[in-house]
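Heads up, the sequence shown is in full-length UniProt numbering, so the first residue is 1 and it goes up one at a time.
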Amino acid sequence: MLRFRSLLFSVPSSIPQIVAGRIPSHPPPARLTCSPRVNNIPFRSTLGRQGRQSFASRASQTSQAPELVPSDVPVDEEIVPGYKPEHFYPANPGDVLDNRYKLKAKIGWGSSSTVWLAHDISRKNRMGPNRYVAIKICTCNVSDDEAHELDMTIHVSSVDSQHRGRVIVGTAVESFSLDLLQGSRHLALVFEPMRDPLWLFGLKLTCFLLDLKLDNIMVTFEDPSVIEAFIQGQSTHPMARKRVGARTVYRCHNDFGDIHDSKGLGKMYPKITDLGLAQRGDGPGPLVHPIQPDDCHAPEVLLGVGWSYSADIWNFGIMVWELLTGQKLFEQDDPNSYSAVKHLADMIAILGPVPPVLIQREKAMREWRWRPQVLNPNGQLCGSAAEFYGGPFFTDDGTFIGNHLVPHTRIWENEVPRCIPREEADCFFNFMRRMLCWLPENRATARELKSDPWLGDTTGA
1 MLRFRSLLFS VPSSIPQIVA GRIPSHPPPA RLTCSPRVNN IPFRSTLGRQ
51 GRQSFASRAS QTSQAPELVP SDVPVDEEIV PGYKPEHFYP ANPGDVLDNR
101 YKLKAKIGWG SSSTVWLAHD ISRKNRMGPN RYVAIKICTC NVSDDEAHEL
151 DMTIHVSSVD SQHRGRVIVG TAVESFSLDL LQGSRHLALV FEPMRDPLWL
201 FGLKLTCFLL DLKLDNIMVT FEDPSVIEAF IQGQSTHPMA RKRVGARTVY
251 RCHNDFGDIH DSKGLGKMYP KITDLGLAQR GDGPGPLVHP IQPDDCHAPE
301 VLLGVGWSYS ADIWNFGIMV WELLTGQKLF EQDDPNSYSA VKHLADMIAI
351 LGPVPPVLIQ REKAMREWRW RPQVLNPNGQ LCGSAAEFYG GPFFTDDGTF
401 IGNHLVPHTR IWENEVPRCI PREEADCFFN FMRRMLCWLP ENRATARELK
451 SDPWLGDTTG A
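1) In terms of alpha-carbon separation, which member of Ser71, Leu449, Arg447 and Pro453 lies closest to Arg251?
2) By how many angstroms is the C-alpha of Ser122 removed from the C-alpha of Glu322?
3) Counting only runs of 4+ residues fully inside the stretch 401 to 453, write out the alpha helix (DSSP H) ranges in chain order.
4) Give the DSSP-derived three-state secondary structure of Ile135 in the structure shown.
5) Check the DSSP bridge columns for Thr248 and list the partner residues they point to.
6) Helix, strand or coil for Arg280, going by three-state DSSP, please let me know.
7) Does the separation of the CB atoms of Ile137 and His87 fall below 7 Å?
8) Excluding the 5 residues flanking Tyr83 on each side, which residues of the same chain have their C-beta closer than 7 Å to its C-beta?
9) Under 7 Å between the Cβ atoms of Ala105 and Gln232?
10) So which of Asp179, Ser177, Pro299 and Asp274 has the shortest CA-CA distance to Val156?
11) Express the C-alpha separation of Phe176 and Glu67 in angstroms, rounding to a whole number.
12) Ignore the nearest five residues each way along the sequence and tell me which others in Val115's own chain have a CB closer than 6 Å to its CB.
13) Since Met365 contacts Gly326 with CB under 8 Å, what's their CB separation in whole angstroms?
14) Can the beta-carbon of Pro90 be found closer than 7 Å to that of Leu103?
15) Measuring only the C-alpha atoms, how far is Asn376 from Cys296?
16) Can you check whether the CB of Phe316 is closer than 7 Å to the CB of Met432?
17) Starting from Ile231, trace the alpha helix (DSSP H) both ways and give me its first and last residue.
18) Cβ atoms of Trp412 and Pro355: under 7 Å apart, would you say?
19) What are the boundary residues of the beta strand (DSSP E) that Ser310 is part of?
Shown next as structure tokens:
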């Protein structure tokens with residue numbers, strides 16, 4: 001999660017009514033110079049780390065028939081719990097959407113959408129270079145969530161477009177609706193196509209030591225020819241697919257190949273994507289609804305004491321650790337079953353005892369009820385953080401109920417990332433502890449972190 005003016009990149013709690021249409025335009029982005037230390041536009045990557053092959057690099061090979069997936073093998077969105085095929089738009093290569101976008105390849109999917117690379121064949125683009133876009137086609141049953149993403153896109157596109165950080169926030173450039181004869185309507189969001197999620201980009205650079213899942217941070221293309229080669233590769237190695245009645249489900253192709261020209265790195269920069277999980281931080285009242293991925297929950301979120309932009313700083317610290325180590329800072333015993341009490345126990349091992357003032361805040365907020373209530377992962381309607389996360393976590397005298405789970409032998413400073421020189425370790429952990437601390441008000445702001453000694457002099461960057 002990253003701070004951007006009045007946005008918190010988190011889970012929405014209220015969905016405003018908006019009208020789909022063309023997104024407000026903004027000036028061309030400023031040129032950026034970036035270090036190579038960098039679910040995809042709003043979708044998640046589906047091919048595993050091992051055995052990924054570049055379809056772009058094989059365009060010159062002999063054409064072959066598409067792989068047919070057995071009917072009993074789930075493909076992409078079919079693995080989503082509660083999957084209903086009729087909720088997904090039946091897109092196919094060659095389809096033309098909105099009389100201008102010709103679909104080329106499926107490059108992503110999620111629980112409520114598929115994402116396709118498309119060629120803009122409109123008249124105004126026929127005389128110039130080919131223009132390609134990524135189109136997120138939403139399911140017909142979750143329009144509120146997708147409308148929220150469009151609303152956040154409009155908000156970001158409308159405020160302070162001259163801000164230097166605007167260029168690294170990926171927003172939709174256009175939207176339209178798709179109506180089927182059966183009566184369903186699907187929102188389509190048009191994005192600039194992006195190359196790779198951050199974890200995959202790292203694997204393509206020898207200086208990386210990571211295996212990350214930072215899927216909502218993407219990198220731009222180094223050259224338009226990469227997209228052209230990728231599309232040519234679709235004719236020789238078409239997407240694997242399976243037929244389910246009258247519908248075809250495609251397995252996405254989303255690896256655009258290796259980076260062959262080191263000069264191209266200077267043209268690439270990261271972008272934050274997936275504003276469907278963004279939250280306005282400038283609303284009335286305390287912000288107490290659940291936000292953040294499980295392994296990134298800030299203490300104030302788990303305890304239900306109210307959160308603000310400082311929760312983004314916590315998430316940034318978590319992301320920095322994963323980026324440098326390739327490991328999560330707070331691991332769960334069972335990756336399929338999140339335990340908030342275990343998470344808090346691990347925090348205590350690293351950060352020390354929970355400050356009494358934070359425990360008092362948690363007690364004071366126990367009577368606060370969420371409006372509206374929120375479904376937890378078990379499908380139960382919850383009206384408080386305690387109900388949602390399995391609390392309360394402290395007895396009346398302030399004793400933590402999970403003391404037996406605290407790994408007291410863990411010493412964070414003994415876990416120096418391999419890429420950090422020993423002589424920089426103290427400085428690095430000082431930097432990390434400015435972001436990862438119990439009290440939100442004690443965390444550094446983004447501006448303060450920019451001048452941290454570990455980052456060096458970035459004032460002129």
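Even glycine gets a Cβ: it sits at the ideal position worked out from N, Cα and C.
By the coordinates alone:
1) The residue labelled residue 251 in the question sits at position 251 within the sequence shown. The shortest C-alpha separation from Arg251 is found at Ser71.
2) Translated into the one-based positions of the sequence shown, residue 322 becomes position 322. Translated into the one-based positions of the sequence shown, residue 122 becomes position 122. Near 43 Å, if we compare the C-alpha coordinates of Ser122 and Glu322.
3) 425 to 435 and 446 to 450
4) Residue mapping note: residue 135 aligns to position 135 of the sequence shown, counting from 1. Of the three classes helix, strand and coil, the one that applies to Ile135 here is strand, per DSSP.
5) Against the sequence shown, residue 248 aligns to sequence position 248. Answer is Arg243.
6) As a first step, residue 280 must be located in the sequence shown, where it is residue number 280. DSSP places Arg280 in strand when its eight states are reduced to three.
7) Residue mapping note: residue 137 aligns to position 137 of the sequence shown, counting from 1. Residue mapping note: residue 87 aligns to position 87 of the sequence shown, counting from 1. For Ile137 and His87, no; Cβs fall outside 7 Å.
8) Within the sequence shown, the letter at position 83 stands for residue 83. Correct list, in chain order: Glu77.
9) Taking the sequence shown and counting its residues from 1, one reaches residue 105 at position 105. Taking the sequence shown and counting its residues from 1, one reaches residue 232 at position 232. Contact flag unset, no.
10) What you label residue 156 is simply residue 156 of the sequence shown in a count that begins at 1. Looking at the Cα atoms, Asp274 is the closest of the given residues.
11) By 1-based counting over the sequence shown, the position of residue 67 is 67. By 1-based counting over the sequence shown, the position of residue 176 is 176. Rounded to the nearest angstrom, the two C-alpha atoms are 32 Å apart.
12) Locating residue 115 in the sequence shown gives position 115, where the first residue counts as 1. Hits under 6 Å: Phe43, Ile107, Gly108, Ala134 and Lys136.
13) The count along the sequence shown starts at 1 and reaches residue 365 at position 365. The count along the sequence shown starts at 1 and reaches residue 326 at position 326. About 36 Å separates the two Cβ atoms, so there is no contact after all.
14) For the purposes of this step, residue 90 is taken as the residue at position 90 of the sequence shown. For the purposes of this step, residue 103 is taken as the residue at position 103 of the sequence shown. The answer is no: Cβ separation not under 7 Å.
15) Numbered from 1 along the sequence shown, position 376 holds the residue referred to as residue 376. Numbered from 1 along the sequence shown, position 296 holds the residue referred to as residue 296. If you take the alpha carbons of Asn376 and Cys296, they lie about 17 Å apart.
16) Along the sequence shown, one-based indexing puts residue 432 at 432. Along the sequence shown, one-based indexing puts residue 316 at 316. It is not a contact, given that the beta carbons lie outside the stated cut-off.
17) Taking the first residue of the sequence shown as 1, we reach residue 231 at position 231. Here the alpha helix (DSSP H) through Ile231 covers Ser225 to Thr236.
18) Numbered from 1 along the sequence shown, position 355 holds the residue referred to as residue 355. Numbered from 1 along the sequence shown, position 412 holds the residue referred to as residue 412. No, the Cβ-Cβ distance between Pro355 and Trp412 is not below 7 Å.
19) Taking the sequence shown and counting its residues from 1, the one referred to as residue 310 is at position 310. Element bounds for Ser310: not the beta strand (DSSP E) but the alpha helix (DSSP H), Ser310 to Thr325.
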